[in-house]
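I have placed the structure first, in the form of structure tokens, so that the comments after it can refer back to it.
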Amino acid sequence: MRNPVAALLLGILIGAGGLYFMLPYDAAAVLSGRAEVAVSAGGAVPDVDRAGAGETLQRIKRRGFLHCGVSQGLAGFSSPDERGRWSGIDVDYCRAIAAAIFGDGEKVRFRPLSAKDRFTALQSGEVDILSRNTTWTMSRDTQLGFDFAGVIYYDGQAFMVRKDSGITNARQLAGATICTQTGTTTELNLADYFRGRGLEYRVLSFEKNDEAISAYDQGRCDGYTTDASGLYAERLKMQRPEDNIVLPEIISKEPLGPVVRQGDPQWADIARWTLSALLNAEELGITSENIEEMRESENPLVRRLLGAEGSYGASVGLGPDWVIDIVRAVGNYGEIFERNVGVDTPLGIERGLNALWTDGGVMYAPPIR
Amino acid sequence: MQKPVKRGSGMGISWYNPRVRSIAYQAGVLAAVIAVVWFFTATAQENLERLNISTGFGFLDTTAGFGIIQTLIPYTEQSSYGRAFLVGLLNTLSVAVIGIVLATMLGFVVGVARLSRNWLVAKIAAVYVEVMRNIPLLLQLFFWYFAVLRPLPGPADSIEALPGVFLSNRGLILPDPVLDAGAGLFFSALAVAIVAGYVLVRWARARQRATGRLFPALRVTAALIVVLPLLAWAVGGTPFHLEYATRGAFDFSGGVRLLPEFVALVLGLTLYTAAFIGEIVRAGIQSVDRGQAEAAAALGLKDSTTLRLVVVPQALRLIVPPLTSQILNLTKNSSLAVAIAYPDLVAVFAGTVLNQTGQAIEVIAITMAVYLTLSLATSLAMNWYNARIAFRER
Ligand SMILES: N[C@@H](CCC(=O)N[C@@H](CS)C(=O)NCC(=O)O)C(=O)O
Numbered sequence: 001m002r003n004p005v006a007a008l009l010l011g012i013l014i015g016a017g018g019l020y021f022m023l024p025y026d027a028a029a030v031l032s033g034r035a036e037v038a039v040s041a042g043g044a045v046p047d048v049d050r051a052g053a054g055e056t057l058q059r060i061k062r063r064g065f066l067h068c069g070v071s072q073g074l075a076g077f078s079s080p081d082e083r084g085r086w087s088g089i090d091v092d093y094c095r096a097i098a099a100a101i102f103g104d105g106e107k108v109r110f111r112p113l114s115a116k117d118r119f120t121a122l123q124s125g126e127v128d129i130l131s132r133n134t135t136w137t138m139s140r141d142t143q144l145g146f147d148f149a150g151v152i153y154y155d156g157q158a159f160m161v162r163k164d165s166g167i168t169n170a171r172q173l174a175g176a177t178i179c180t181q182t183g184t185t186t187e188l189n190l191a192d193y194f195r196g197r198g199l200e201y202r203v204l205s206f207e208k209n210d211e212a213i214s215a216y217d218q219g220r221c222d223g224y225t226t227d228a229s230g231l232y233a234e235r236l237k238m239q240r241p242e243d244n245i246v247l248p249e250i251i252s253k254e255p256l257g258p259v260v261r262q263g264d265p266q267w268a269d270i271a272r273w274t275l276s277a278l279l280n281a282e283e284l285g286i287t288s289e290n291i292e293e294m295r296e297s298e299n300p301l302v303r304r305l306l307g308a309e310g311s312y313g314a315s316v317g318l319g320p321d322w323v324i325d326i327v328r329a330v331g332n333y334g335e336i337f338e339r340n341v342g343v344d345t346p347l348g349i350e351r352g353l354n355a356l357w358t359d360g361g362v363m364y365a366p367p368i369r
Numbered sequence: 370m371q372k373p374v375k376r377g378s379g380m381g382i383s384w385y386n387p388r389v390r391s392i393a394y395q396a397g398v399l400a401a402v403i404a405v406v407w408f409f410t411a412t413a414q415e416n417l418e419r420l421n422i423s424t425g426f427g428f429l430d431t432t433a434g435f436g437i438i439q440t441l442i443p444y445t446e447q448s449s450y451g452r453a454f455l456v457g458l459l460n461t462l463s464v465a466v467i468g469i470v471l472a473t474m475l476g477f478v479v480g481v482a483r484l485s486r487n488w489l490v491a492k493i494a495a496v497y498v499e500v501m502r503n504i505p506l507l508l509q510l511f512f513w514y515f516a517v518l519r520p521l522p523g524p525a526d527s528i529e530a531l532p533g534v535f536l537s538n539r540g541l542i543l544p545d546p547v548l549d550a551g552a553g554l555f556f557s558a559l560a561v562a563i564v565a566g567y568v569l570v571r572w573a574r575a576r577q578r579a580t581g582r583l584f585p586a587l588r589v590t591a592a593l594i595v596v597l598p599l600l601a602w603a604v605g606g607t608p609f610h611l612e613y614a615t616r617g618a619f620d621f622s623g624g625v626r627l628l629p630e631f632v633a634l635v636l637g638l639t640l641y642t643a644a645f646i647g648e649i650v651r652a653g654i655q656s657v658d659r660g661q662a663e664a665a666a667a668l669g670l671k672d673s674t675t676l677r678l679v680v681v682p683q684a685l686r687l688i689v690p691p692l693t694s695q696i697l698n699l700t701k702n703s704s705l706a707v708a709i710a711y712p713d714l715v716a717v718f719a720g721t722v723l724n725q726t727g728q729a730i731e732v733i734a735i736t737m738a739v740y741l742t743l744s745l746a747t748s749l750a751m752n753w754y755n756a757r758i759a760f761r762e763r
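Right, dumping it as structure tokens:
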């Protein structure tokens, strides 16, 4: 090219264009999406909050599958087996959403995310939903541009130490080095716990959880800390699991739940009501085994949940059989719990707080009506 | 006779006037750059607002709430994110500065050794260079950290290399020098000795140039540096004593601690970069014409004097520019720290702080600005040095 000006402008154009398409789609949506909304709303003034309504579901349907952000491998919550098939509570929840949308629980792709990268991945639209043992906190809910869809597992933070250290409670950890993972509430609770008691400690934070575990396992740290459920899961990975004990103290509240971006209320509704549907199904005794009989039920609560009465599915952009599809794909909440972390699994966790409110737990889903 | 044409004048504002053209080009480029920057800023701002993500730099004043294992300045969980940033920055700088000094020294040794007439020394240096620069740095860091330092015994069975020096998987623990009453006098004496030595060396050099008479300035300086502080010690009392670390329930308390993460990072960066510097030094020395050394020998200069006065000053001009890029590389490579849990700027700030505040754009922008500033400052300093040692035609 002879003319340097033309060459330069072309270069800038190509560069800018390239960057523009590399940006997460939300950036592109502002320019193109705005106009669409204005037109489809029949000339009504598009407001910022409604600009995104329904967009996420449309996009997922067009794509043909759900993008679900999970952990890089936490037994019972989200972990891949040798053949690469994911399982766990967080995984089943995403399958439930896929079933609600497509009638097929397999129409979902899992994206493993480190604790540190998970929020950026959700903000940028790399995943549609984050279902990755993520604690619901005020700052995450309000400052990161997210909405939590509820609580799928009530957890709390605890410590693990070597049995031969002779430690039996957390206060004896004064002066210890503790291994943990970067980008977690764990890191912060640990600081709170020791600071609140005026105790010394050293924290070694790893970016990858497996590295934190192996550092502890090899003796670089005196203790390892994370959510109690995580401790039971991670202990399975150690050289000699039986040589390690979990201390009795629970030092924090960790309500774990699915997260979506703010700005698309319909999508947040789908996430919230899928969770409620799972819990309500358990409460009403609807399981993956009896679902076909239950469709004939005369109980109005069951009929509403299964779409025989009312149009609850339609109100969030889903079909009338959405809950039937969910239960067929993954069962109810109790089935998911028992299959992944329950007493018959290697994790062996009791329902405890995660039992339904009718059974002495705190799982209490708003009614579908 | 022809009248000379005055360039640029008389042509007016015309596209054929090269000055007008160049100004127009530059204005065009500037406008395009501003437009692109504006476009991205505006788009980002709008999106962040729409997604309800907090923006701005106010977060730097809020409480960080997390602990950091190595802090060179006072830092607690109550400190701000801004303070955490400083802690990370200083951790990066300390690794970089120590790494640069060690790598440069080792690199010079390796470069000279490669040219040694001693076959064994030359071969060892060659093998070192080939091994180090052909294995990815990340693997080397993993090697030092996971294979060498982590399997060390725990604090209870730590290796006591020297009295008060313990080596364990918690790091290298050294005695802590604690200042005593005599410290002021002692260090003033040391400072005086160093300044006096510097003045002496300059004076001796000037005199030698003028009169040709030699003066053993270096030896006198060395003597000064030893004798003056010792004298101060005798007069003013002990300048400092060593406080040994004590074994606690879990770990040592007191003493100076070099974390295994820190040691692995410094080792890896130094050994890797020294291989490249060694090659640069070798090339620089080889580029000096053999005739120079031969002429020096013919004048009766010793080998070491020839190297110091004839070869190295000329080689340095070729060594410094590529050395600068190695120094920059080392600084930037220090961000691999995150892979071995060393709390550098990237791990602390672009890691934990980013995750906790969610303000990716601000945090990444600050982090990039820091590396850019460090690099530019290094380049400036090296360019200044390069200009100073540049060949001056006399
Ligand atoms: N619930 C905490 C901690 C979540 C977390 O990341 N836990 C770790 C330790 S159990 C984990 O899941 N690691 C698995 C991975 O990184 O893939 C939070 O939301 O910050």
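If you read the sequences in order, they're chains A and Y. Mapping the first sequence onto the working numbering, position 63 (from 1) lands on 63, and the numbers just tick up by one. The working numbering runs 369 ahead of the 1-based position in the second sequence. We put the beta carbon where it would ideally sit given N, CA and C, even for glycine. It should be emphasised that the depicted structure is a prediction, and the values quoted were computed from it without experimental measurement.
Does at least one heavy atom of ligand 1 sit under 8 Å from the Cβ of residue i?
i, result
"Glu254 of chain A", "yes"
"Gln655 of chain Y", "no"
"Ala710 of chain Y", "no"
"Asp526 of chain Y", "no"
"Thr473 of chain Y", "no"
"Ala719 of chain Y", "no"
"Gln72 of chain A", "yes"
"Ser87 of chain A", "no"
"Arg132 of chain A", "yes"
"Phe77 of chain A", "yes"
"Ala115 of chain A", "yes"
"Thr184 of chain A", "yes"
Let me confirm a value: residue i is counted as buried when at least 16 other C-beta atoms fall within 10 Å, else exposed. Which label applies?
i, result
"Ala396 of chain Y", "exposed"
"Ser527 of chain Y", "buried"
"Pro387 of chain Y", "exposed"
"Tyr364 of chain A", "exposed"
"Asp285 of chain A", "It should be noted that the sequence gives Gly, not Asp, for residue 285 of chain A. Flag for Gly285 of chain A reads exposed."
"Asn169 of chain A", "exposed"
"Val48 of chain A", "Caution applies to Val48 of chain A, whose pLDDT of 37 falls short of 50 and renders its modelled position unreliable; the model cannot decide the point."
"Thr358 of chain A", "exposed"
"Phe408 of chain Y", "exposed"
"Ser448 of chain Y", "buried"
"Lys671 of chain Y", "exposed"
"Ile758 of chain Y", "exposed"
"Ala562 of chain Y", "buried"
"Asn209 of chain A", "buried"
"Pro443 of chain Y", "exposed"
Is there at least one Cβ from chain A nearer than 9 Å to residue i's Cβ?
i, result
"Gln725 of chain Y", "yes"
"Val707 of chain Y", "yes"
"Asn538 of chain Y", "yes"
"Leu420 of chain Y", "yes"
"Ser622 of chain Y", "yes"
"Gly720 of chain Y", "yes"
"Pro585 of chain Y", "no"
"Ala756 of chain Y", "no"
"Arg519 of chain Y", "yes"
How close, in whole Å, do the beta carbons of residue i and residue j come, if the pair is a contact with beta carbons under 8 Å?
i, j, result
"Gly105 of chain A", "Val341 of chain A", "The pair is not a contact, with the Cβ atoms about 19 Å apart (cut-off 8 Å)."
"Ala75 of chain A", "Leu236 of chain A", "6 Å"
"Ala710 of chain Y", "Ser139 of chain A", "Actually they are not in contact, since the Cβ atoms of Ala710 of chain Y and Ser139 of chain A sit about 25 Å apart, beyond 8 Å."
"Asp346 of chain Y", "Phe609 of chain Y", "One cannot answer for residue 346 of chain Y here, as it falls past the ends of chain Y, which runs 370 to 763."
"Ala281 of chain A", "Asn354 of chain A", "Incorrect: roughly 15 Å between the Cβ atoms, too far for contact."
"Glu446 of chain Y", "Phe454 of chain Y", "Incorrect: roughly 15 Å between the Cβ atoms, too far for contact."
Would a check of beta-carbon distances place residue i closer than 9 Å to chain Y?
i, result
"Leu356 of chain A", "no"
"Thr120 of chain A", "yes"
"Ala99 of chain A", "no"
* Asked: Is there contact here, the segment 101-117 of chain A with the segment 381-388 of chain Y, by at least three beta-carbon pairs under 8 Å?
  -> No, they do not touch.
* Okay, do the segment 746-756 of chain Y and the segment 662-677 of chain Y touch, 3+ Cβ pairs below 8 Å being the bar? -> With the rule of 3 Cβ pairs closer than 8 Å, the segment 746-756 of chain Y does not count as touching the segment 662-677 of chain Y.
* Taking one C-beta from the segment 627-639 of chain Y and one from the segment 571-580 of chain Y each time, how about it: are there three or more such pairs within less than 8 Å? -> These segments do not touch.
* Do the segment 642-660 of chain Y and the segment 677-690 of chain Y make contact, defined as three or more Cβ pairs closer than 8 Å? -> Touching, yes, given that three or more Cβ pairs across the two stretches are closer than 8 Å.
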